[in-house]
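Shown next, in structure tokens, is the structure this report addresses.
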Amino acid sequence: MARDLLSAPTVPHRCVKHCLLCSDSDIHCVAVADTIIRIDCAACGAVLQLEYAPPDEPGLTARIELLVEPFSQRSACPERRH
Ligand SMILES: [Zn+2]
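Okay, structure coming up:
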């Protein structure tokens, strides 16, 4: 039924419309990998990483990591490329 969704995970980054922390819509979403998107919020300065179906946690649908805390120094944000 929904099996094709599991075999070919895609990142629905367009479904992220608001910052998960401050709810502002002034965000920038970038797909950094097949299942990983990075959400850059211009309003609060937070950078979040959203990983769908992380391989190290099979039971998890998605994992959210806070890469840069809101209102912290932007220099803490590394420009990583995978
Ligand atoms: Zn925000």
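To convert, take the position in the sequence shown, counting from 1, and add 65; that gives our numbering.
For glycine and all other residues, C-beta sits at the position ideal for the given N, C-alpha and C.
Quick caveat: nothing in here was measured; it's all calculated off a predicted structure.
| said: Let me check understanding here. Comparing Cα to Cα, which of A127, Q114 and E130 lies closest to H93? | reply: To locate residue 93, count along the sequence shown from 1; it is residue 28. Ranking the options by Cα distance to H93, first place goes to Q114.
| request: Throw me the rounded Cβ distance for the V95 and I102 pair, which I believe falls under 8 angstroms. | output: Within the sequence shown, the letter at position 30 stands for residue 95. Within the sequence shown, the letter at position 37 stands for residue 102. Right, the Cβ-Cβ distance comes to about 7 angstroms (below 8 angstroms), so this counts as a contact.
| said: How far does the beta strand (DSSP E) with L131 in it extend, from its first residue to its last? | reply: Residue mapping note: residue 131 aligns to position 66 of the sequence shown, counting from 1. Here the beta strand (DSSP E) through L131 covers A127 to V133.
| task | For D105, verify whether its CB is less than 7 angstroms away from any heavy atom of ligand 3. | result | Looking for ligand 3 in the displayed structure turns up nothing; the ligands present are ligand 1.
| query | Taking the DSSP output, what are the residues bridged to V95? | reply | Taking the first residue of the sequence shown as position 1, residue 95 is located at position 30. Beta-bridge pairing links V95 to R103.
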